[in-house]
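Structure first, then comments.
Numbering (the working numbering), first residue to last: 2 to 249.
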């Protein structure tokens, strides 16, 4: 009987792991750079209208963040879709929605709100936690990190994260939120994009300092970089979630 229960539990674990790895949703991180003084207007429009219209047209709101140091008046957010085709159809329907047109026109009576929009398309990695709503701590801050791998180093970088880095982040008090690789045009090598959660910006920096000194990390880094550095460039942006973000 005990053996049967053990086999059953192992099967459930395997099925759960398989189901997680099969997250084939098409993700998009969008960055809106606002005209001077217009970020509050953009946030109001998202809070009262845009997020609901996204859901109406089959888009899933993953999370919304504003950089702590925000000289560019930017809003970062992530959406998910069943597929690229579904994404394109949803945005076409959203753009043609009379309700959206009315909202946009009314919100821009005193001037244009958004100066520029950037889109980054992404796939979830096999080692990422499941992407879902989180409301752990109203004071929690988030860190967006973007790694540009060296030539032909992406797989090595992902292996290091899969086998070592993610576990060590958790050990040092960082919350692993989600990990993606970008979908690049013309066959260019993808980047690694991920979010971490911290109790505060100061706590995040202290955690990274402890992480970098960890002997396990030092060994993993040295062994993985015998043939050269894995990341040519690392970008880090500390952010706070908006009040309407599904991840806080």
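Virtual Cβ for every residue (Gly too), placed ideally from N, Cα, C.
All values reported here derive from a predicted model rather than from experimental measurement.
In this chain, the beta strand (DSSP E) harbouring residue 68 covers 61-68. Only residues of its own chain outside the window of five on either side were considered, and among them 66, 249 have a CB closer than 6 Å to the CB of residue 242, listed in chain order. Along the stretch 80-138, the alpha helix (DSSP H) occurs as fully enclosed runs of 4 or more residues at 85-97, 99-108, listed in sequence order. Here residue 93 is exposed. Its C-beta has fewer than 16 other C-beta atoms within 10 Å. Looking at 38, 230, 60, 27, the one whose alpha-carbon comes closest to that of residue 155 is 230. Taking a C-beta distance under 7 Å as the contact criterion, residue 116 and residue 36 qualify as a contact pair. Boundaries of the alpha helix (DSSP H) harbouring residue 156: 155-161, taken from the DSSP string. In this structure, the CA atom of residue 189 is about 19 Å from the CA atom of residue 195.
According to the DSSP assignment, residue 208 belongs to the alpha helix (DSSP H) that extends over 202-214.
Between residue 173 and residue 208 a beta carbon distance of about 5 Å is seen, short of the 8 Å cut, so the two are scored as contacting. Exposure of residue 139 is indicated by the presence of fewer than 16 other C-beta atoms within 10 angstroms of its C-beta.
If you look at residue 56, you'll find it isn't in any beta strand (DSSP E); it sits in the alpha helix (DSSP H) that goes 52-57. Ranked by Cα distance from residue 240, the first of 79, 90, 141 is 141. Collapsing the DSSP output to three states places residue 221 in a helix.
Judged by beta-carbon spacing, residue 48 lies within the 7 Å limit of residue 245, meaning their Cβ atoms are closer than that value. Taking all protein chains shown into account, residue 114 has 16 or more neighbouring C-beta atoms within 10 Å of its C-beta and is therefore buried. A Cβ-Cβ contact shorter than 7 Å links residue 76 with residue 43.
With contacts defined as CB atoms closer than 7 Å, residue 84 and residue 58 fail to qualify as a contacting pair. Distances from the alpha-carbon of residue 211 to those of 157, 158, 166 put 166 closest. Scanning 146, 61, 137 for the CA closest to the CA of residue 26 turns up 61. Within 10 angstroms of the beta-carbon of residue 150 lie 16 or more other beta-carbons, which makes it buried. Secondary structure of residue 49 (DSSP, three-state): helix.
Residue 234 and residue 216 have their C-alpha atoms roughly 23 Å apart. Excluding five sequence positions before and after residue 100, the CB atoms of its chain that fall closer than 7 Å to its own CB belong to 54, given in chain order.
Going by DSSP, residue 145 is part of the beta strand (DSSP E) stretching over 142-150. If you look at residue 234, you'll find it in the beta strand (DSSP E) that goes 232-242.
Here the alpha carbons of residue 24 and residue 41 stand approximately 34 Å from one another.
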